[in-house]
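Report on the structure given below.
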Amino acid sequence: MCSGRVDLEFILRAFANGMDGVFIGGCRLGECNYITHGNYHALNMALLCKKIMEHIGLNPDRLRVEFMSAGDGILFSEVADEFSGQIRALGPLGSTEGLSLDELKQRIQEVSKLVPYIKIAKGEKLALRPAKGDYDQFYTLDEIEELLNEVISYYIDPEKCQACMTCAKRCPAEAIIGGKNLIHVIDQDKCIRCGTCFEACPPRFSAVKKFTGEPVPPPIPEGKRTIVRKGKEKEGTS
Ligand code: SF4
Ligand code: SF4
Numbered sequence: 076m077c078s079g080r081v082d083l084e085f086i087l088r089a090f091a092n093g094m095d096g097v098f099i100g101g102c103r104l105g106e107c108n109y110i111t112h113g114n115y116h117a118l119n120m121a122l123l124c125k126k127i128m129e130h131i132g133l134n135p136d137r138l139r140v141e142f143m144s145a146g147d148g149i150l151f152s153e154v155a156d157e158f159s160g161q162i163r164a165l166g167p168l169g170s171t172e173g174l175s176l177d178e179l180k181q182r183i184q185e186v187s188k189l190v191p192y193i194k195i196a197k198g199e200k201l202a203l204r205p206a207k208g209d210y211d212q213f214y215t216l217d218e219i220e221e222l223l224n225e226v227i228s229y230y231i232d233p234e235k236c237q238a239c240m241t242c243a244k245r246c247p248a249e250a251i252i253g254g255k256n257l258i259h260v261i262d263q264d265k266c267i268r269c270g271t272c273f274e275a276c277p278p279r280f281s282a283v284k285k286f287t288g289e290p291v292p293p294p295i296p297e298g299k300r301t302i303v304r305k306g307k308e309k310e311g312t313s
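Residues are numbered in our numbering as their position in the sequence shown, beginning at 1, plus a constant of 75.
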């Protein structure tokens with residue numbers, strides 16, 4: 076219904092599924108029927124996606140966004156013809172990139188996992204309306220490289236976790252595996268890196284650690300996650 080629904084994840088999924096090009100068509104800028112101006116959001120998302128594509132070695136010309144009204148049939152057919160010709164000239168995915176299809180798909184899948192993080196990190200900028208003439212530099216390659224080379228991850232320190240369950244209750248992605256008297260662990264594949272657990276862990280425990288641009292330690296093995304409280308320890312030995 077609205078190009079404002081276009082998400083980074085949809086574009087990357089199309090490429091991961093082997094599409095050679097992705098075209099996004101939206102209503103003319105400034106002529107949105109709603110107060111949302113979703114077409115600006117689509118434009119902003121596409122500009123961000125182009126820089127991410129460049130960063131992972133995927134030719135950004137494979138993505139095109141254009142704005143036209145329902146009455147612009149001739150314009151639509153001209154743009155569609157031109158874009159199809161451009162994609163045909165670029166060849167199948169991977170050919171102009173100098174990468175095998177498998178390598179390219181792996182890179183796309185890796186960056187797709189970071190989409191929630193990218194959207195959180197770039198949330199304020201994604202709400203802006205790029206000005207005509209500024210599209211190319213609205214996002215810079217340096218900015219994207221910094222963002223993706225310094226990805227933030229969260230880790231629960233098993234020495235400090237007191238299994239109070241606060242973080243697990245607040246996690247929006249159900250990424251924290253925990254339970255009563257069990258040291259909590261973060262499922263890194265599910266974590267969207269929102270930082271809620273970091274904020275929520277009571278300061279007297281400070282068990283959630285933030286890592287920037289480096290991998291987190293492996294999770295504590297399942298069999299070593301039970302916390303034996305001091306009182307219970309005594310009960311057990313008497
Ligand atoms: S950073 Fe966010 S998503 Fe990840 S475990 Fe913490 S609360 Fe859950
Ligand atoms: S909030 Fe902190 S202490 Fe409580 S379960 Fe989570 S990591 Fe452990």
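Built from N, CA and C at the ideal position, the CB exists for glycine as well.
Cβ distance (whole Å) where residue i is taken to contact residue j below 8 angstroms
| i | j | result |
| --- | --- | --- |
| D232 | A282 | 5 angstroms |
| F158 | L104 | With 8 angstroms as the limit, F158 and L104 do not qualify as a contact, their Cβ atoms being about 18 angstroms apart. |
| R163 | F98 | Going by Cβ atoms, the distance from R163 to F98 rounds to 13 angstroms, so no, they are not a contact pair. |
| A243 | I267 | Incorrect: roughly 15 angstroms between the Cβ atoms, too far for contact. |
| I20 | L133 | Nothing can be reported for residue 20, as the shown portion of the chain is limited to 76 through 313. |
| C272 | C246 | 6 angstroms |
| G101 | A117 | 5 angstroms |
| G96 | R137 | 5 angstroms |
| H130 | L201 | Going by Cβ atoms, the distance from H130 to L201 rounds to 17 angstroms, so no, they are not a contact pair. |
| Y229 | G270 | 7 angstroms |
Cβ-heavy atom distance, residue i to ligand 2, below 7 angstroms
| i | result |
| --- | --- |
| T301 | no |
| F280 | yes |
| H27 | The requested residue 27 does not occur in the structure, where the chain is confined to residues 76 to 313. |
| D290 | It is worth fixing the name first, because residue 290 is Pro in this sequence and not Asp. No, the beta carbon of P290 sits no closer than 7 angstroms to any heavy atom of ligand 2. |
| I252 | no |
| T323 | Absent from the structure is residue 323, since the part of the chain shown begins at 76 and ends at 313. |
| C242 | yes |
| V283 | yes |
Residue i: CB within 7 angstroms of a non-hydrogen atom of ligand 1
| i | result |
| --- | --- |
| A238 | no |
| P296 | no |
| T287 | no |
| I195 | no |
| G198 | no |
| C276 | no |
| I267 | yes |
| R245 | yes |
| Y230 | no |
| I258 | no |
| A248 | yes |
| I261 | yes |
Minimum Cβ-Cβ distance from residue i to chain C less than 8 angstroms
| i | result |
| --- | --- |
| V291 | Among the chains in the structure shown there is no chain C, since it carries only a single protein chain. |
I'd like to know if the region 175-194 and the region 76-84 are in contact, where contact means that at least 3 CB-CB pairs between them fall below 8 angstroms. Yes, the region 175-194 is in contact with the region 76-84.
Spell out a yes or no on whether the region 196-205 and the region 167-183 are touching, meaning 3 or more CB-CB pairs, one atom from each, closer than 8 angstroms. Taking one beta carbon from each stretch, the region 196-205 and the region 167-183 have fewer than 3 pairs nearer than 8 angstroms; the two do not touch.
How about the region 250-264 and the region 292-308: do they share at least three Cβ pairs that are nearer than 8 angstroms? Yes, since at least three Cβ pairs between the region 250-264 and the region 292-308 fall closer than 8 angstroms, the two stretches touch.
Sufficient close CB pairs (3 or more, under 8 angstroms) joining the region 234-242 to the region 279-298: Verdict: yes, contact present.
Runs of alpha helix (DSSP H) wholly within the region 230-261 (minimum 4 residues, chain order): Secondary structure within the region 230-261: the alpha helix (DSSP H) runs of 4 or more consecutive residues, fully enclosed, are 241-245 (chain order).
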